[in-house]
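Asker: Structure incoming, see below.
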Amino acid sequence: MAPSPNDTTGPRHVAIIMDGNGRWARQRRRPRLFGHQAGAKRVREIVEACPDLGVKYLTIFAFSTENWKRTQAEVAGLMTLFRRYITKEMQTFVTEGVRVRFIGDRRRLDPKLQELMDHCETITAVNTKVHLTIALNYGARDEVARAIKDLAREVKAGKLDPESVDETTLTRFLDTHVLPDPDLVIRTSGEARISNFLLWQSAYSEYEFIDTLWPDFTDEIFAEVIGRFGKRERRFGAVPA
Ligand code: IPE
Ligand code: IPE
Ligand code: MG
822 MAPSPNDTTG PRHVAIIMDG NGRWARQRRR PRLFGHQAGA KRVREIVEAC PDLGVKYLTI
882 FAFSTENWKR TQAEVAGLMT LFRRYITKEM QTFVTEGVRV RFIGDRRRLD PKLQELMDHC
942 ETITAVNTKV HLTIALNYGA RDEVARAIKD LAREVKAGKL DPESVDETTL TRFLDTHVLP
1002 DPDLVIRTSG EARISNFLLW QSAYSEYEFI DTLWPDFTDE IFAEVIGRFG KRERRFGAVP
1062 A
């Protein structure tokens, strides 16, 4: 749907780069994984806050295609945490009306984790209250490359005319094809960069860089950030009337 320049309502789709778990743990002289555990616990409160704030879609960055560069111990710890997290929260998602989706390339993930992800998507598929999308082994450049590969296959099979390819065509092949573009992207921990998150989709998103480390990000801070969004003027290239 084409965004309109005078749309000043709250954000329908919020995407969050949940950063700062490691620094949060270091401040407490604890291992990085302790910070990741504290970070995972934060997610439920933020998801639960969404309906009252008018946020219909929440997309969270949990693990990037670049995060494999971390120590094997940290990566393994994170993978175990994802498995435990999904297992533990699945029933809550079902009862609270949360529809869960995963984006990213899941083929590189442990088959048991993939199975859990598939199951979680299936059992929450009828839910409509909040659409929670978890980016796991997600990288925007990787997503675009995979999309182009799929698109090229359709061209090769004679199902798609290259001359007809436009922005909408490419959007159809992205992991996020069923989601609206994010209105607001929040990054915690004070870093002001995108780190390969939703590059295509956030072309016209508003950005908020928050100093708070992710494990300290409360629903109150979330509500404050959402409140500020309403005061922004989104122009989408046009001159406001
Ligand atoms: C974000 O926290 C979580 C993941 C990237 C998995 P970090 O682990 O990046 O925390 P910092 O940036 O080192 O503080
Ligand atoms: C981005 O955070 C990825 C996630 C939050 C999952 P990073 O901590 O990995 O990003 P860089 O390395 O600081 O850019
Ligand atoms: Mg980080």
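Each residue of the sequence shown is one higher than the one before, counting from 822 in our numbering.
C-beta atoms are modelled at their ideal positions from N, C-alpha and C, and glycine is treated no differently.
Note that this is a predicted model, so its numbers are computed, not measured.
Comparing C-alpha positions only, which one of 900, 870 and 901 sits nearest to residue 919?
Answerer: As a first step, residue 919 must be located in the sequence shown, where it is residue number 98. With distances taken between Cα atoms, residue 919 lies closest to 870.
Asker: How many Å lie between residue 952 and residue 980 at the Cα?
Answerer: Within the sequence shown, numbered from 1, the residue matching residue 952 stands at position 131. Within the sequence shown, numbered from 1, the residue matching residue 980 stands at position 159. Each residue's alpha carbon lies about 31 Å from the other.
Asker: Give the straight-line distance between the Cα atoms of residue 945 and residue 1062, rounded to the nearest whole angstrom.
Answerer: Residue numbering aside, residue 945 sits at position 124 when the sequence shown is read from its first letter. Residue numbering aside, residue 1062 sits at position 241 when the sequence shown is read from its first letter. Cα to Cα, the separation comes out at about 42 Å.
Asker: Would you kindly check if the distance between the Cβ of residue 966 and the Cβ of residue 1020 is under 8 Å?
Answerer: By 1-based counting over the sequence shown, the position of residue 1020 is 199. By 1-based counting over the sequence shown, the position of residue 966 is 145. No; because the gap between Cβ atoms is not below 8 Å, this pair is not in contact.
Asker: Could you give the uninterrupted runs of the beta strand (DSSP E) lying entirely in the stretch 975-1047, keeping only those of 3 residues or more?
Answerer: If we require 3 residues or more, the beta strand (DSSP E) runs fully inside the stretch 975-1047 come out as 1005-1008 and 1027-1030.
Asker: Please find out if some non-hydrogen atom of ligand 2 comes closer than 7 Å to the beta-carbon of residue 1027.
Answerer: The sequence position of residue 1027 within the sequence shown is 206, counting from 1. Because no heavy atom of ligand 2 lies under 7 Å away, the Cβ of residue 1027 does not count as near it: no.
Asker: Hey, how far is the Cα of residue 876 from the Cα of residue 1027?
Answerer: In the sequence shown, the residue the question calls residue 876 occupies position 55. In the sequence shown, the residue the question calls residue 1027 occupies position 206. For residue 876 and residue 1027, the distance between alpha carbons rounds to 15 Å.
Asker: For residue 959, which beta-bridge partners are listed by DSSP?
Answerer: Against the sequence shown, residue 959 aligns to sequence position 138. 885.
Asker: Ligand 4 and residue 887: does the residue's C-beta get closer than 7 Å to at least one heavy atom of that ligand?
Answerer: With respect to ligand 4, the structure shown offers nothing to examine, as its ligands consist of ligand 1, ligand 2 and ligand 3.
Asker: Within 10 angstroms of the Cβ of residue 956, are there 16 or more other Cβ atoms? Answer buried if so, exposed if not.
Answerer: Counted from its first residue, the sequence shown places residue 956 at position 135. Buried, because 16 or more other Cβ atoms sit within 10 Å of the Cβ of residue 956.
Asker: Could you round the C-beta distance between residue 927 and residue 888 to whole angstroms and report it? I think they count as a contact, below 8 Å.
Answerer: For the purposes of this step, residue 927 is taken as the residue at position 106 of the sequence shown. For the purposes of this step, residue 888 is taken as the residue at position 67 of the sequence shown. That belief does not hold up - the Cβ atoms of residue 927 and residue 888 are roughly 14 Å apart, past 8 Å.
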